[in-house]
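In the working numbering, the protein residues as written are 479 to 879.
Glycine residues also receive a C-beta, built at the ideal position from the N, C-alpha and C atoms.
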Amino acid sequence: MIAELAKDIFWVGYVDWNVRDFHSFDTWRGATYNSYLVRDNKTAVIDAVKAPYVDNLIKNIAAYTELDKVNYVICNHAEPDHAGGIGELLRNLPNATLLCNAKCREALAGYFNDIDSWRIQIVANEEKISLGKRNLMFINTPMVHWPESMFTYVPEEELLFSMDAFGQHIATAARFDDEYDLDAVLREAKSYYANIVTPYSKQVQTTLAAAAKTPIKIIAPSHGLIWRTHVADIVAEYKNWSAGEYAKKVLIIYDSMWESTTQLANEILNGVVSVSSEIDVRMFHVRKSSLTEIATEMLDATSVAIGSATLNMQVMPQVAAVLTYIRGLKFSPKFAAVFGSYGWGAQAVDILDRWVKESGWTIVAEPIKSKFRPTKEQIDAAKNAGSILAQKTNNPNHKSM
Ligand code: FEO
């Protein structure tokens, strides 16, 4: 199927139907590495694909043009899911010059030891290159997603090649947002934002503010569906996500050895639902849940209860993984409660309490520690913690914390 974004601008990327792990991101729908061809008096390829799939990219390019007619390859981002195949691509495009910014060249030099033999032209922020009827303008977007990241904009088509930004991990034969279930595309875009982009939300806001001055009809990311019908929707979502907007949502995240911590988690749940049935409350047993899913829900959660049984004076291993992952993603601060059971030392709850405080979150109830099975008092305390979390979540002033 030909996917033409505008006259003589084609998708030439690769659909990775079977990838299920993307450096720990669960890609349960697969992924795509989007590459684009702009055919004009001069011809340009925007971004490459992962190294193992470069032959598919070259075949796709050859369907639209002779390989020696390609004048430029643009590298918007040096991460190997896009740039991994760029060396081999250049070897197959004898007349192509690589266009990238100085930081990108530096990053590529860290991956490719033959870069000195490549024809490279460094482009500056907002520099324009004419292809004939159309121009390519380069816009640096540092830290969205790496320091060298940039967008490529085609003013004549109001088309933005946005690299990772606005992307989603979905393998599909559809190419455009109006050819796929919109809720699913937005859900995967949210998951992508939560798991990849959140730490750079400030830079996203800067980028959005700059982009607001530019008319955009099509956003062509380097993963997933191309936005041509729902551009305003995805831009609005990026504004919300990058601003750290909260939903009326409580997460209960825990691990248990002999179900005492599970019992406390259930009582916290009872406390939440006793306050309001309108709160979106979700339970995650960490050994039965995906880190990707937890992070996606964490993005806009207002409150979080975290529990762990004590194992060898520590939190349980998968709880530790969650703490490490969540801290790195730098989500907006939450109201929090911590809980857990123990046999002869309650270190896990102390670790959780410390982690929450160091993260700048607000503890709303005394830590709950139960020696073996919870007592009636501890059950009441858990229910009460759930009810306080629910009240805080309902509080319209929660953003002021
Ligand atoms: Fe899709 Fe940051 O690479």
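Separation of residue j from residue i, as counted between CA atoms
| i | j | result |
| --- | --- | --- |
| His701 | Gly508 | 10 Å |
| Phe629 | Asn748 | 48 Å |
| Gln869 | Lys812 | 13 Å |
| Ala690 | Ser768 | 35 Å |
| Thr505 | Asp778 | 21 Å |
| Ala863 | Asn790 | 26 Å |
| Ala860 | Leu742 | 6 Å |
| Phe503 | Trp624 | 17 Å |
| Val793 | Ala725 | 28 Å |
| Leu867 | Val782 | 8 Å |
| Thr685 | Ser608 | 24 Å |
| Tyr492 | Ala526 | 9 Å |
| Arg569 | Val532 | 11 Å |
| Val663 | Glu836 | 35 Å |
| Val842 | Lys668 | 28 Å |
| Leu515 | Ile539 | 7 Å |
| Thr774 | Ala672 | 5 Å |
| Ile674 | Ile600 | 27 Å |
Proximity test, residue i beta-carbon vs the ligand FEO heavy atom, cut-off 7 Å
| i | result |
| --- | --- |
| His623 | yes |
| Glu715 | no |
| His701 | yes |
| His763 | no |
| His880 | Given a span of 479 to 879 for the chain in the structure shown, any question on residue 880 remains unanswerable. |
| Asp642 | yes |
| His647 | no |
| Glu666 | no |
| His560 | yes |
| His555 | yes |
Simplified DSSP state of residue i, which is helix, strand or coil
| i | result |
| --- | --- |
| Tyr658 | coil |
| Gly864 | helix |
| Arg517 | strand |
| Lys606 | strand |
| Gly563 | coil |
| Asn591 | coil |
| Trp719 | helix |
| Glu584 | helix |
| Leu614 | strand |
| Pro874 | Its pLDDT being 48, under 50, Pro874 is placed unreliably in this model, and the value from its coordinates should be taken loosely. It is coil, neither helix nor strand. |
| Tyr631 | strand |
| Ala522 | strand |
Per DSSP, cross-strand counterpart(s) of residue i
| i | result |
| --- | --- |
| Asp494 | Ala509 |
| Leu576 | Val551, Ile598 |
| Gly818 | Lys847 |
| Trp489 | Tyr514 |
Residue i beta carbon near the ligand SAM (any heavy atom closer than 7 Å)
| i | result |
| --- | --- |
| Ile600 | By its list of ligands, the structure shown excludes the ligand SAM, since it contains just the ligand FEO. |
* **Residue ranges of each beta strand (DSSP E) within the stretch 635-711, 3 or longer** => If we require 3 residues or more, the beta strand (DSSP E) runs fully inside the stretch 635-711 come out as 637-641, 696-699.
* Can you check the stretch 823-865 for any alpha helix (DSSP H) of at least 4 residues that lies completely inside it and give the ranges in chain order? => Scanning the stretch 823-865 from its first residue to its last, the whole alpha helix (DSSP H) runs of 4-plus residues come out as 825-836.
* Unbroken stretches of the beta strand (DSSP E), 3 residues or longer, contained in the stretch 728-790 -> The stretch 728-790 contains these whole beta strand (DSSP E) runs: 758-763, 781-786.
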